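In the working numbering, the protein residues as written are 132 to 1055. Quick notes on the structure that follows.
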């Protein structure tokens, strides 16, 4: 007989594992229930836990443990203590939870009890505690021990379930690819067996993990002529994203009549389509956005309609559905769903689920209150602000009754939000401060940062600027401590980086730099600079859904005493530009001197900044954004591009006036040789080298580089002797991608300059590339092939001869030699890629891929340029690197100037040709 703990984390809500009856999940037990003893206290505690009344359950379980101890029934005492620990975990009482699980584990490891199955399941609860308290590495070790116990007992089901838990720990560590590998191993075993509840649950967990890592759609995009072969050779699991996996889980659940898994699959599919809509919205793909939203609505409706699903799942589905209907202004349907979910929530007994449901509905009531004018025009009346207040006061009361501090903080803080929106600022401050204190008392940073931000907003409105800055700064610091948790947050309806995280950084910068008279203080300037760097790191974490990039605070003096750093950031809904220049403090005697900072805030009309930035790149590149593709001005149409040069220079000079001209004197004083930019938003898609002062381009005066932040840089320069180069590319047309006829010359020229090996066309495949990478410790990897970078990771790739290598696969390949290589990848060159037009975050993929893969620097093209000009530029670049003692950025500048000043091909003097290329990362 087997005893199954309820605590296995399968991406679904758990229920109480009661001793002596312990169940795997709320809906479908993967092991059979077993009763080792009967006890009224046990039955009562089970009922309380399943009702979300965790404090009452804990009291009953403590009494049960004491009774078993008095009877010297050590085994059942251990089981009761395990479940007591889980109850305390639900309440956020971590010390009490640890004390209970330690006592249980000690009993089960003693010589008096020989119950390895119970020990294994107790280890599940222990692992969950470690995971909840920010120790995923220890959780992983604990669940690995549980797996070993199951395997020794030939309990395949327990071992599989334990491996699923391991995948969640790996996901919390930001190791998505390893987590996915672990889950695919599990499913590879399950697939050989008849469909079962375990199969459906495992697929649901895999779908959740894929979704959390941003892999929503099909991951491997084989070319049309090879699609059939790919389907035959690559298993379904290997070839699918979250949506296909979840559809498979749904199919099994329906065939086996598993209503709860069916409802959960529909709910998770709805959330996945919601994430897909967010991705489409990022790049203004309205057609795909609307399609994804409509699919999400359909899935939420189906989740809520599964007859035997739990009320909690139905409420969550209806709440998500309600939010989408409000956003789409489908008022008649909204009214119907509002009435339904209000009734459902009203009927819930006090529990954590009911508290959170009330908070969620209250948030939506507040949104409706903000739209009260639109509602009135559609004959919808209702005191939504009053309803929100009633919901929140009930939620606070229930949370206190339940002694659930986490739930109380959420409810109380949201009540503070209501006061803030109704301009009851004194009440908002007091309520928010109380919510913050509660969240800090249970060490819940994921809640605390929200209330610190809210407190900062309220204090600013109360004209308490110094206190407001302190609150905002505390929020940013809290965010830095929960990087891994935040990056791993599933992009659900309730979470949006752009709505709930990014504004904190921008609003803090605005507070620091906005003064009624005079300039910001040096302290405020430095904090603003640090905040901009922190935002860059947060954006990369969010892009990759991982916090795996190590950051170390650095000043420019430590990296390059002859460089200046220009920070540019948008505030006020991207209508205002703020610029900070950082210069080395060469006269300081300190071992780590503070940089010299300057600030400039352009006084321009709100729409002018956006207009200049949005018009400049198309005027250089000839790219035209369309719904489905990007049209490029033909290379032969030189005259058309040249006629736009006057407009291009005018826009470029305006940007120069904002970013460079205010600091010209400082650049001269500090004898600056290199200007490094830390850019924001649409500025990232503009090549800074072509900024124009009226006489010269910036590249004619300084070497120019980009970086996502000094804290992400490796300082050591490249030595000429270390130019071991793997040069690979595709010159032939592949699918819809055109031929690049000059790629063979480009690769051969590079090989002549620095040696190494060349892999062209059929020799450069998705299978062969990883092998080549690992054969030699290459310091330079040069890829001359089509590629695109986008804010959507699924649309970020480079092209091999047999198909696309997506960004996750590329970084995995480059990382695969991380431990064993003698020389790091110092330079990654992508000479025929482009960034998506109109996508503010496209270059995040460019910068992040290199950093994540361990490459210190990247050279890449922002748009696809004539490949003959590219070949000449790259040949000159490698010649400068190999034959001189120049730094990378100096060699890169000489290569760009070789096109700009090329008399044999005067058309190359246009910025379209030479400015497309950027150096990102370490410039030395």
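Glycine included, every Cβ here is placed at the ideal spot set by N, Cα and C. From a predicted model like this one, the values you see are computed outputs, not experimental measurements.
Chain-order list of residues whose beta-carbon lies under 8 Å from that of residue i (same chain, five-residue window excluded)
| i | result |
| --- | --- |
| residue 347 | 341, 372, 373, 374, 403, 406, 407, 410 and 925 |
| residue 387 | 326, 327, 328 and 331 |
| residue 903 | 857, 859, 888 and 890 |
| residue 588 | 551, 599 and 638 |
| residue 970 | 413, 414, 816, 921 and 922 |
When the options are compared against residue i, the one with the closest alpha-carbon
| i | options | result |
| --- | --- | --- |
| residue 270 | 802, 942 and 261 | 261 |
| residue 670 | 610, 472 and 798 | 610 |
| residue 602 | 639, 878, 751 and 456 | 639 |
| residue 488 | 515, 443 and 532 | 443 |
| residue 943 | 975, 979 and 918 | 979 |
| residue 721 | 706, 734 and 689 | 689 |
| residue 792 | 804, 825, 974 and 649 | 825 |
| residue 1001 | 983, 908 and 1023 | 1023 |
| residue 170 | 179, 199, 190 and 181 | 199 |
| residue 287 | 596, 432, 324 and 727 | 324 |
| residue 277 | 604, 256, 425 and 267 | 256 |
| residue 829 | 870, 869, 785 and 838 | 785 |
| residue 381 | 335, 423 and 339 | 335 |
| residue 533 | 1026, 899, 222 and 971 | 222 |
| residue 546 | 520, 569 and 920 | 520 |
Interface flag, residue i vs chain C, CB-CB below 8 Å
| i | result |
| --- | --- |
| residue 544 | Considering every chain present, this structure includes no chain C. It has just one protein chain. |
Within 8 Å, strictly: CB atoms of residue i and residue j
| i | j | result |
| --- | --- | --- |
| residue 702 | residue 633 | no |
| residue 713 | residue 881 | no |
| residue 412 | residue 462 | no |
| residue 959 | residue 996 | no |
| residue 542 | residue 515 | no |
| residue 835 | residue 696 | no |
| residue 218 | residue 188 | yes |
| residue 744 | residue 813 | yes |
| residue 981 | residue 964 | no |
| residue 643 | residue 659 | yes |
| residue 673 | residue 723 | no |
| residue 811 | residue 699 | yes |
| residue 571 | residue 606 | no |
Residues that residue i bridges to, as DSSP identifies them
| i | result |
| --- | --- |
| residue 891 | 860 |
| residue 922 | Paired residues: none, contrary to the question. |
| residue 977 | Answer by DSSP bridge pairing: none, since residue 977 is not bridged. |
| residue 694 | 805 |
| residue 595 | According to DSSP, which records beta bridges pairwise, residue 595 is partnered with nothing at all. |
| residue 989 | 959 and 1051 |
| residue 709 | 700 |
| residue 727 | 714 |
The ligand SAM heavy atom lying under 7 Å from the CB of residue i
| i | result |
| --- | --- |
| residue 237 | This structure does not include the ligand SAM; it has no bound ligands of any sort. |
Close-in-space but distant-in-sequence residues of the same chain around residue i (CB under 6 Å, 5 per side omitted)
| i | result |
| --- | --- |
| residue 914 | 859, 929 and 961 |
| residue 747 | 782 and 817 |
| residue 209 | 235, 238 and 239 |
| residue 350 | The pLDDT assigned to residue 350 is 44, lower than 50, so where the model puts this residue is not dependable, and the model offers no usable value. |
| residue 483 | 183, 535 and 538 |
| residue 274 | 258, 293, 296 and 297 |
| residue 448 | 398, 431, 434 and 435 |
| residue 576 | 609, 612 and 613 |
| residue 1053 | 844, 845, 987 and 988 |
Cβ-Cβ separation, residue j to residue i (assumed contact under 8 Å), whole Å
| i | j | result |
| --- | --- | --- |
| residue 886 | residue 856 | 7 Å |
| residue 874 | residue 889 | Contact doesn't hold; Cβ gap of about 10 Å is too wide. |
| residue 393 | residue 384 | 4 Å |
| residue 560 | residue 586 | 7 Å |
| residue 231 | residue 215 | 4 Å |
| residue 1019 | residue 1046 | About 17 Å; that fails the 8 Å criterion. |
| residue 918 | residue 946 | Going by Cβ atoms, the distance from residue 918 to residue 946 rounds to 18 Å, so no, they are not a contact pair. |
| residue 302 | residue 343 | 6 Å |
| residue 975 | residue 922 | 7 Å |
Chain-order list of residues whose beta-carbon lies under 7 Å from that of residue i (same chain, five-residue window excluded)
| i | result |
| --- | --- |
| residue 797 | 712, 714 and 729 |
| residue 1036 | none |
| residue 650 | 730 |
| residue 833 | 803, 804, 805 and 806 |
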